[in-house]
Each structure stands twice: as structure tokens, then as C-alpha cells.
Amino acid sequence: MNEALDSTGGAVPGQRFPRQDAGGCGPDDRVPEGVMLTTVERLYNWGRKNSVWPLQFGLACCAIEMIAASMARFDMARFGAEVFRPSPRQADLMIVSGTVTKKMAPQVVRLYNQMPEPRYVIAMGACAICGGPFRDGYNVLPGIDLYIPVDVYIPGCPPRPEALLEGLIALQKKIAGQPLTGAGRPRHLDADAPGAFPVPEYGAHDLVGPQLPAAPDA
Ligand code: SF4
């Protein structure tokens, strides 16, 4: 529908509005003749990045900011990620929001293993990234990336809801840029990639179990 209107607001048959400039934002500006060409890769990634459903769980004070991000003022629904799922089977994104104690770490890894691929992890706040103010405590894990792969790190104590939204946008950009084949393809398209990660166990004095190699510097 791109017909011009007469002075009464009625459509003038056969007469069309002039095209907007390149900065226009109506659908007719982006799809001039109702036909859009794209690649399977872009369409596939577009669907993935706009339907990232987080797992509904929180660990400490950062979770309050995560909850605020989903409420009306910050409205995470604008990014297609408002459907917090109560089951890991239905979730795409784990937001590790809060202090990960060594008592809780095995449960976090187990929940992650129960999520289907493609799945993503955001480490929200200093505690989830490195232990935060409790880093030197005997009972706090110095970073969840010791046991599960993290896609986006959001620093802060706590990060504000806007920071979580920015982290989500960063994750969406990462998803949009992933090739479906070749070396940079996502884990769920790589038959050799691990499907589950070792769950740490309690040893005599600390958690024991294989840890992931340190992430390369950005
Ligand atoms: S980073 Fe700060 S706000 Fe977040 S869980 Fe740790 S202590 Fe709480």
C-alpha cells in the first residue's frame, strides 16, 4: 500500500507517494516492490537473534536488575527476549546474574547442560565474571566461565538494566554475524563440539573437575 491520498484522506488510484529518502523507515522504503532478497544465513540468524528466551533464574542482587530490565520501564520485550522460561528445556539464554557460590556452581552447570542448542550465556555483573567483591572468599567461584562458555560479559556491581539491554544487543550482533558453515560456525552446527560440559563435584576442600581453558583476551 503506497498510494497517495487526496485532500480528504482518500486514496488516489494509481498515484503513488514519492519514495522517501534513504533514511526512511516505512516498510515500502525498505521493500520497494514488496520483494525482499536475502540469504538463508541472514534469515536463519535473524530468526535466532530476535527470539532469545532467557532462563528464569537469578542468584543474587544482580537478578533484581535483570528483573527490572524485563519490566515496563526498560521493556526487554522490545528485543524479543521477554519470555523468561521456567524450564531449561525451553530456554535459549542463561543470564548468570549474581554471585555463584561453589555450592551452587554444579547446579548452574547442570541447568546449562539441560538447555538445548543453540544456547547462549551472559555473565551479568562482577560476581558472575570473576567473583566480584567476594572473590577472595573460600566459598565463591571466581567466574562462571571456569565451567561454561560465556558469550557476553557485562561488568558492574550491579550493572543497570540498560547495561543488560546493551549486553543483549551485543549478543544479537554476535548471533547475526555467525556463519553457518566453516571455522566460525556456532557450536550447534559443529558435530565435533561438546554437547555437555563436565559438572564439577565437591572434593575434600574445593570443587574438583575439569575446567574450561581461559578465554583469549578481547
Ligand atoms: S556483582 Fe554486585 S550486585 Fe551483582 S551479585 Fe555481585 S555483589 Fe551483588
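Number 48 in this note's numbering belongs to position 48 of the sequence shown; there are no gaps in the numbering.
Beta carbons are placed, not taken as given, at the ideal position from N, Cα and C, and that holds for glycine.
Assignment of beta-bridge partners to L55 by DSSP yields R85.
Looking from the CA of R78, the closest CA among I175, E162, R185 belongs to E162. L180 and L165 have their C-alpha atoms some 26 Å from each other.
The alpha carbon of I122 has as its nearest neighbour, out of D206, G184, F57, the alpha carbon of F57. A buried status is given to A91, since no fewer than 16 other beta-carbon atoms sit within 10 Å of its beta-carbon. Of the heavy atoms belonging to ligand 1, none sits nearer than 6 Å to the Cβ of T38. For V40, the enclosing alpha helix (DSSP H) covers residues 40 to 49. Counting only the Cα atoms, I148 lies some 23 Å from N45.
Remark: the C-beta of C157 is in contact range of ligand 1, defined as less than 6 Å to any heavy atom. Residue nearest to M124 within the set D151, Y138, Y202, G137 is D151 (criterion: CA-CA distance). Judged by DSSP secondary structure, V150 falls outside any beta strand (DSSP E); it is assigned neither H nor E.
Per the C-alpha coordinates, the member of K174, T101, G167 positioned closest to P142 is T101. In this structure I175 is buried. Its beta-carbon is surrounded by 16 or more other beta-carbon atoms within 10 angstroms.
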